[in-house]
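A short write-up of the structure that comes next.
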Amino acid sequence: MTEEQLIKGCIQNDVACQRMLFEQYAGKLMTICLRYSCDRPEAEDMLQDAFIKIFSHIRQYKFEGSFEGWMKRIVVNCALKTIQKKKTRFLEITNHDTASPQAESFALSSLSEDELIQLISSLPDGYRVVFNLYVIEGYSHDEIAEMLRIQAATSRSQLVKARKLLQKQILLNQKIAIQL
Amino acid sequence: MTENQFDEFFRKKLGDYSSKVPEDMWQRIKQKKDRDRTFVILLLLLLIITGGATSYFIFSSKETANANLALSQKRSVDNSGNKTLLNKKHETITTQKDSVNLDHNNNSVDVNATTIKNGSNSETVGEVKRIDNKSAVTSFSNQSKKEIAGRNSNVTNLSQQNVSANNADSLKSNFSNKYINPDGETALKNAELSPSTIQKDSLKKEKNNKQVYKVEKNNHSPIINNIFIEAYASPDIPVSRTSGNSAYLQHKDSTSNMQLSYTFGVRVGALIGEHLVIKAGLQYSQVNEKFNYTKKNATRAVPVVVQRTLPDANGVERTVLDTSTLIQVGSQYKLNYNHYKSFDLPLIIGYETAGERYKASFNTGIILNIKTTYKGDILDSSLNAVDVNSKNFYKSNTGMSLYFGLGLSTKLNNNFQLFTEPYIRYRLSNMTHSNDAFTQKINVGGLSFGLRYNF
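Going line by line, the protein sequences match chains A and B.
Numbering of the first sequence is given in this note's numbering, commencing with residue 4 and proceeding in unit increments.
Numbering of the second sequence is given in this note's numbering, commencing with residue 6 and proceeding in unit increments.
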């Protein structure tokens, strides 16, 4: 079954098609949810809401552009809504120390995808959201500012802080691994 | 490792990575989907039923109860002005004076299985006059009428079961007369009065200044009394409610102004019982918006061609065209009228007062959007004017709205009614997609004018 047939089946509320669509994309979309959530149960709730939204709004997909991209955008929006409900505060940087620990490439390459997701999940909400939107989703700071209703400068500072924290965490993990 | 390399590493690793999904996730999604659908259906049903039941039972019951007069077996009616007593135990009404005067508002009198006893020697005449499907007029007087046999000092039992009313203007009743001996013993005797006899009695009694009482059958069964079709049109005043990024909204609000809009449509309806009205139809609404866009420091490229005549090496003059581009800086103005067009399905339930010539009504219900289209310009996130459809800001189906209206109508003739109805249409959901930089709802207040044709 082609993707177009699958989508058309979902538009007609065909449960078999919906199931196939779920099985095909659930893993990738779960990764997005895990990246934006602070724990797994929250990610599962996000995924559940996202799929319900996908099925109920699938008529709006006009077969223009990537369907996967369209779904990913819905998942990201669901995630942002969940985070906004938590009233996330985007704190400005108070530490002006520009020298950040640089994680070596070998330290990074030794990390698995699940470990990277775990590292991102451990970031504070504000840092995590901006990092995901900028680094993985590829939005600009202006777009992020508009989406999150914050200043573009705040978005930049959140990203810098997020990178710093991540690198610090990677180095720390590396040291622990060497000690072990 | 640079920031870019760091970012690139994360992007590559996680961009297409598939995480493990819980095995029961599909079941959870399916259950929630079904639950949501059931909830929406139940909510709709509840809204319709509650609206209908409330309108019908609160308004209709009160009016009907006030208007009805029925003899009740379990109530005693003491009419002091005329010294009439409805004896609860014996289910009799004793008339000691000339006539019976029953309070229509306070007494519920059930004709069924009720006897009327004339305590004096005067004679009692009972008549039932039908005035509409559900009501009848009963007159009691002490005028002697020999057409009714054996009524002196007797008790007359008016049996509602025998009352047949087929014509609004004729008196058609059957009376089962029950005779009671002065010592209290009851003897049964049935006497059937023909409609013509009763009519004669009625006319005679009217001449003798008798009192007339209305007795209505207490019938609440909702029956369709009238089916009608109505066409209407309304000038509307739209009210836009937006939320979102404040900087964007500030620019959007300064460029867009709601304008006078309109709605027209056709509805088919039915009058159920005395007052309850249900309507369904199809309507078209257009919301107009003035889009006045000014962009300062706008630039435009103007091609400039300069023609020169130069002598070549042989001294022959040749024409040379120099083409260049001139960048002009200035303000760009754009004036456009945006149109938001929607086709809707109104489902209305209402309460209508009973009036011969003028009627008032209260209507409420839902308006389900079938399709909405948009035409015009809007600001994008960079505050540039773009086609409203290019960014897919708005939904093609805007969902459900609530409707509230207060109507007044006047009868033109037996078939036609003219009506006017100020109304409010309140949207329950946003017209914009949830993932947009802003959300917008356009609520509408209007004044409908229409014509109703009663079948």
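Every residue, glycine too, gets a C-beta built ideally from N, C-alpha and C.
Asked                                                                                                                                : Found
Which residue comes first and which comes last in the beta strand (DSSP E) that contains A/F66?                                      : Element bounds for A/F66: n/a, residue is neither H nor E.
For the alpha helix (DSSP H) holding A/T34, just list the boundary residues, first then last.                                        : 18-39
What residue range is occupied by the uninterrupted beta strand (DSSP E) comprising B/H344?                                          : 322-357
Look at the Cβ atom of B/N470, then the Cβ atom of B/E294, and state whether they are nearer than 8 Å.                               : What the structure shows of chain B is the stretch from 6 to 460, and residue 470 of chain B is not part of that stretch, so it cannot be assessed.
Whole-angstrom Cβ separation of B/I371 and B/L352, contact assumed at under 8 Å?                                                     : 5 Å
For the beta strand (DSSP E) containing B/E294, list its first residue and its last residue.                                         : 281-316
Starting from A/T34, find everything on chain B with Cβ-Cβ shorter than 8 Å and list it in chain order.                              : L19, Y22, S23, S24
B/K38 touches chain A at which residues, Cβ-Cβ below 7 Å?                                                                            : I55, F58
Is the CB of A/A155 under 8 Å away from at least one CB in chain B?                                                                  : no
Can you tell me where the beta strand (DSSP E) holding B/L407 begins and where it ends?                                              : 405-416
Between the Cα of A/S59 and the Cα atoms of B/I54, B/L52, B/V45, which residue gives the shortest distance?                          : B/V45
Identify every residue that forms a DSSP beta bridge with A/V10.                                                                     : This sequence places Ile at residue 10 of chain A; Val is not what is there. DSSP, once it has assigned bridges, lists no residue as partnering A/I10.
Could you give the C-beta distance for B/A285 and B/R272, rounded to a whole number, given that I count them as a contact under 8 Å? : 7 Å
State yes or no: is the C-beta of B/T378 within less than 8 Å of the C-beta of B/K400?                                               : no
Alpha carbon to alpha carbon, what distance is there between A/K11 and A/M4?                                                         : 11 Å
Which first and last residues belong to the beta strand (DSSP E) in which B/M263 is found?                                           : 261-277
Could you name the residues that DSSP lists as bridge partners for B/V244?                                                           : B/N448
Beta-carbon of A/L126 versus every beta-carbon of chain B: anything under 8 Å?                                                       : no
What's the C-alpha gap between B/K37 and A/C41?                                                                                      : 23 Å
Using three-state DSSP, classify B/P27 as helix, strand or coil.                                                                     : coil
Would you tell me roughly how many angstroms separate the C-alpha atoms of B/T7 and B/S245, rounded to the nearest one?              : 48 Å
Looking at the secondary structure, which residues open and close the beta strand (DSSP E) in which A/Q154 lies?                     : Element bounds for A/Q154: n/a, residue is neither H nor E.
Would a check of beta-carbon distances place A/N98 closer than 8 Å to chain B?                                                       : Because A/N98 carries a pLDDT of 48, less than 50, the predicted location of this residue cannot be relied on, and the following value inherits that uncertainty. By this cut-off, A/N98 is not an interface position.
Classify A/I86 as helix, strand or coil using the three-state DSSP reduction.                                                        : helix
By the criterion of Cβ-Cβ separation under 9 Å, what are the contact partners of B/M30 in chain A?                                   : F25, A29, M33, E47, L50, Q51, F54
Helix or strand or just coil, what does DSSP make of B/P483?                                                                         : The shown model of chain B, from 6 to 460, leaves out residue 483 of chain B, and the question about it has no answer.
Taking B/P27 as the query, report the chain A residues whose CB atoms sit under 8 Å from its CB, ordered along the chain.            : E47
CB-CB under 7 Å to B/F233, same chain, minus the five flanking residues each way: which ones, in chain order?                        : G274, R457, Y458, N459, F460
Pull up the distance between the alpha-carbon of A/S69 and that of A/D128, whole angstroms please.                                   : 29 Å
Just checking: is the beta-carbon of A/I147 within a distance shorter than 8 Å of some beta-carbon in chain B?                       : no
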